[in-house]
Amino acid sequence: MTSSPGRGLLHLAAAVDQESAYDAGSHVELARLAERGALDFVTLGDTFARPGLDALSVLSRLAPVTRRIGLVPTVTTTHTEPFHVQAAVATLDWVSRGRAGWHIDVSTTEGEARLFGRRHAAPADVLWQEAGEVADVAARLWDSWEDHAEIRDEATGRFIDRDKLHYVDFEGAGFSVKGPSIVPRPPQGHPVRVVDATEGPARRTAARYADVALVRVAGPAQARALRAELRDSAAEFGRNPDDLRVLAGLTVDLGDGERAAEPGHGGGGPRQTAQGPLYRGGPVDLAELIAAWHQADAADGFHLTPVEPHRDLERLVNGTVALLQHRGLFRTFYPGSTLREHLGLARPANRYAVAGGAS
């Protein structure tokens, strides 16, 4: 079993999903609130199974009106073109100046498949294998432009150093990509890849390709065991397990005033529901829960989904986060400018440049 690193500062993220919200202003307000609390990133869910705004487009709108907060939309790898997906995520990294992430997900239902008419729904394990291949080719395409491949030499009329562009020549089970990308290498090298590893079929993909794995479990012992499993799997794939951040996913209902956590919600952990673990109580007890899980090495941090987005996120930032900052468990300011810096992750080396330019 791989060893676990010493406890550092917590990582905290929040969902900014809002049911039936079709205006940018409310999303801007939530993202700025999360940024005021120095949270690592915000997520915005997306699925072909229900109507709603395109998450990546919404967070692209948030990029110029925020400065430090990471922006992580959900983009499915099922029924979409891998080349287009990676280019869109790379573009978000450029317009946010290095703050983009990508929550990788799959589409499992026949209803979603009928929207495209290309194929029928497939089992989850098949879809997650495909998602891993998409994550793999995306990283290769992000590397297909070496840093400084753009030379913009007006005297010679050369815009690109073609020796620094590379074909990826990727052959997957269901698609092939030649490359190179149409977007220069992103500021982060690789935008941060996030996978919900709660369910078994997604864990292999998370361990092999994710920078951040989310786990939705109701107790610290479960979270610690799943974190250890993911770290061990990452090591088996030849990765440094310390390059994987595991965040516990928790839905929070902070109510209208301070109150003790309801039975089954506070103390030993939240209550498991059909939608995942739910905490219902006040910001103070939530801070105690987060601190206790962190002390137990259950997770590297938390991804929190407010039940009432504006109310609960405000109470989270002004109450829970402030208490964690006061105890020295969470940052009071952003030490860097990119999402990788927030998470303490290095900028990946370019595989083609490292290989001496061989494609």
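Quick note: the sequence shown, position 99, residue 99 per full-length UniProt numbering, numbers continuous. Built from N, CA and C at the ideal position, the CB exists for glycine as well.
Considering only the beta carbon of each residue, do A131 and T43 sit closer than 8 Å?
no
For D153, write down the residues that DSSP places opposite it in a beta bridge.
R158
According to the neighbour-count rule (16 or more other Cβ atoms, all chains shown, within 10 Å of its Cβ), is L345 buried or exposed?
buried
Cβ neighbours of V291 in the same chain (closer than 8 Å, five flanking residues each side left out):
For the record, residue 291 in the displayed sequence is Ala; it is not Val. Cβ within range, chain order: L324, R327, L329.
Do the region 133 to 152 and the region 112 to 122 make contact, defined as three or more Cβ pairs closer than 8 Å?
no
Tell me where the alpha helix (DSSP H) around W128 begins and ends.
124 to 143
Could you have a look at E236 and say whether DSSP puts it in helix, strand or coil?
helix
Leaving out the 5 sequence neighbours to the left and right, which residues in its chain are closer than 6 Å to V217 when beta-carbon positions are compared?
A223
The alpha helix (DSSP H) with V192 in it runs from where to where?
V192 -> not in any alpha helix (DSSP H); beta strand (DSSP E) instead, spanning 192 to 196.
What residue does the beta strand (DSSP E) around Q325 start on, and which one ends it?
Per DSSP, Q325 belongs to no beta strand (DSSP E); it is in the alpha helix (DSSP H), 322 to 326.
Using beta-carbon positions only, say whether L244 and D211 come within less than 8 Å of one another.
yes
Residues bridged to A13 [DSSP beta-bridge criterion]:
F41, H303
When S26, L250, H310 are compared against L214, the one with the closest alpha-carbon:
L250
Distance, P82 Cα to residue 376 Cα
The structure shown has nothing for residue 376, since the chain only spans 1 to 359.
Examine the Cβ distances between the region 105 to 119 and the region 63 to 73 and report whether three or more of them are shorter than 8 Å.
no
Out of curiosity, what's the CA-to-CA distance linking T198 and R227?
10 Å
Classify E288 as buried or exposed, calling it buried when 16 or more other Cβ atoms lie within 10 Å of its own Cβ.
buried
So is S176 buried or exposed if we call it buried at 16+ other beta carbons inside 10 Å?
exposed
Just list the residues that DSSP pairs V252 with in beta bridges.
Y279, P306
Would you give the residue range spanned by the alpha helix (DSSP H) that L214 belongs to?
No alpha helix (DSSP H) holds L214; the beta strand (DSSP E) holding it covers 212 to 215.
In this structure, does DSSP put G336 in helix, strand or coil?
coil
Compute the beta-carbon to beta-carbon distance between V16 and P309, rounded to the nearest angstrom, for a pair I have assumed lies under 8 Å.
6 Å
Whose CA, out of P283, R208, A135, lies closest to the CA of G255?
P283
Can you name, in chain order, every residue of its own chain whose Cβ lies under 6 Å from the Cβ of H303, other than the five neighbours on each side?
A13, L214, L247, G249
L71, enclosing beta strand (DSSP E) - first and last residue:
70 to 76
For T91, the nearest candidate out of L53, L59, R203 (CA to CA):
L59
Measuring alpha carbon to alpha carbon, tell me which residue in N240, P220, P191 is nearest R347.
P191
Name the DSSP bridge partner or partners of V246?
A213
Using a threshold of 8 Å, state whether the C-beta atoms of F170 and R140 are closer than that.
yes
For a quick check, are the C-beta atoms of T74 and V106 less than 8 Å apart?
no
So, at 8 Å on beta carbons, what are the nonlocal neighbours of N240 in its own chain, with the 5 sequence-adjacent residues on each side left out?
A234
Extent of the continuous alpha helix (DSSP H) run through G101:
Run containing G101: none in the alpha helix (DSSP H); it sits in the beta strand (DSSP E), 101 to 105.
Could you tell me which residues DSSP puts in a beta bridge with H177?
This sequence places Val at residue 177; His is not what is there. V177 pairs with F170.
Simplified DSSP assignment, three categories, for T80
coil
May I have the straight-line CA-CA distance separating R32 from G117, to the nearest angstrom?
39 Å
Quick one: grab the DSSP three-state call for L165.
strand
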